[in-house]
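Report on the structure given below.
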Amino acid sequence: MRVRGEASGLLNGVRVLDLSIWRPGPYATQLLVELGADVVKIEPPGGDPMRVFPTLFAVLNAGKRSAAIDLKDPAEREAVLTIARDADVVVEGFRPGVVRGLGVDDESMRRVNPSIIYCSISGYGQEGPLTEVPGHDVNYQSWAGTLEPRSEDDEPVVPRPPIADLAGGAYAAL
């Protein structure tokens, strides 16, 4: 929240590094922006894939600063670790193990900032039989048994709203 050009809010002064793409992570960090946090979004080269939905992207990223950084490039990854030195929180939404390969996992972040809060959002948890399975809202609703049945003409029904993605983001923000 901004009042007369100055930041305010419960999280005023909190710095968040957002490494997430798609909906749950950006929604979590958008909630943090709305509470006053300063969020820097790191996008892959070419931008967050959600940019194909410009209105949704704008809503999920309003008030954030952003930079396109290739985490596979050692020099660019070092730039992210430099940003992490002054961050309070990191939010990422990759499948478990991906951030370790990119060098931006919790251990790497804690080497440069031991007090950082590291939040990993993954569809099926950090361990277990489905850990490596990619997922989206429709998958989570299917597994939970809450997906709407097919329409009368036997066409799949796209769930609205994406409650699993939004709930995941809200819980991550909390």
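Taking this note's numbering, the leading residue of the sequence shown gets 235, the next gets one more, and so forth.
Virtual Cβ for every residue (Gly too), placed ideally from N, Cα, C.
Next item on the list: Quick one: give me the first and last residue of the beta strand (DSSP E) that Ser349 is part of.
Entry: Going by DSSP, Ser349 is part of no beta strand (DSSP E) at all; its letter is neither H nor E.
Check: How would you call Ser354, buried or exposed, if buried means at least 16 neighbouring beta carbons within 10 angstroms?
Finding: With 16 or more Cβ atoms within 10 Å of its Cβ, Ser354 is classed as buried.
Margin query: Taking the beta carbon of Phe328 as the centre, do at least 16 other beta carbons fall within 10 Å, making it buried, or is it exposed?
Written below: That one is buried.
Next item on the list: Within its chain, find whatever has a CB closer than 7 Å to the CB of Pro393; leave out the 5 residues flanking it on each side and keep chain order.
Entry: Annotation for Pro393: Asp371, Val372, Gln375, Leu381, Glu382 place their beta carbon closer than 7 Å to its own, counting only its chain and skipping 5 residues before and after.
Item checked: Backbone CA spacing between Arg236 and Gly402 [nearest angstrom] -> For Arg236, the predicted structure reports a pLDDT of 49, less than 50, and the residue's modelled location is therefore unreliable. A value from the coordinates is still provided. Cα to Cα, Arg236 sits roughly 26 Å from Gly402.
Margin query: So, at 6 Å on beta carbons, what are the nonlocal neighbours of Val391 in its own chain, with the 5 sequence-adjacent residues on each side left out?
Written below: Closer than 6 Å at Cβ, skipping near neighbours: Glu382, Ser385.
Margin query: Are the CB atoms of Ala404 and Leu265 within a distance shorter than 8 Å?
Written below: In contact: Leu265 and Ala404 (Cβ atoms closer than 8 Å).
Check: Which value, in whole angstroms, describes the spacing of the CA atoms of Leu290 and Glu312?
Finding: Spanning the two alpha carbons is a distance of roughly 30 Å.
Item checked: Three-state class that DSSP yields for Glu310 in the structure shown -> For Glu310, the three-state secondary structure derived from DSSP is helix.
Checklist line | For Leu400, the nearest candidate out of Ile351, Asn246, Gly359, Tyr261 (CA to CA) | finding: For the residues Ile351, Asn246, Gly359, Tyr261, the minimum Cα distance to Leu400 belongs to Tyr261.
Next item on the list: Look up Lys275 in the DSSP assignment and give the residues it is bridged to.
Entry: Beta-bridge pairing links Lys275 to Asp252, Ser300.
Notebook entry, point to check: Is it true that the segment 312 to 324 meets the segment 343 to 353, where meeting means three or more beta-carbon pairs spaced less than 8 Å apart?
Noted result: Between the segment 312 to 324 and the segment 343 to 353 there are three or more inter-stretch CB-CB distances shorter than 8 Å, so the stretches are counted as touching.
Checklist line | Residues that DSSP places opposite Val324 in a beta bridge | finding: According to DSSP, residue pairing for Val324 in a beta bridge involves Leu251, Tyr352.
Notebook entry, point to check: Can you give the Cα-Cα distance for Ser254 and Asp388, rounded to whole angstroms?
Noted result: Counting only the Cα atoms, Asp388 lies some 35 Å from Ser254.
Margin query: Only counting the same chain, and skipping five residues up and downstream in sequence, which positions put a Cβ closer than 7 Å to that of Val333?
Written below: Excluding sequence neighbours, Val333 sits near Glu326, Asp339.
Notebook entry, point to check: Excluding sequence positions up to five away, which residues of its chain have a Cβ less than 6 Å from the Cβ of Ala406?
Noted result: Taking Ala406 as the centre and dropping the five residues before and after it, the same chain places the C-beta of Ala262, Cys353, Ile355 closer than 6 Å to its C-beta, in chain order.
Checklist line | Own chain residues within Cβ distance below 6 Å of Ser342, not counting five before or after | finding: Cβ within range, chain order: n/a, list empty.
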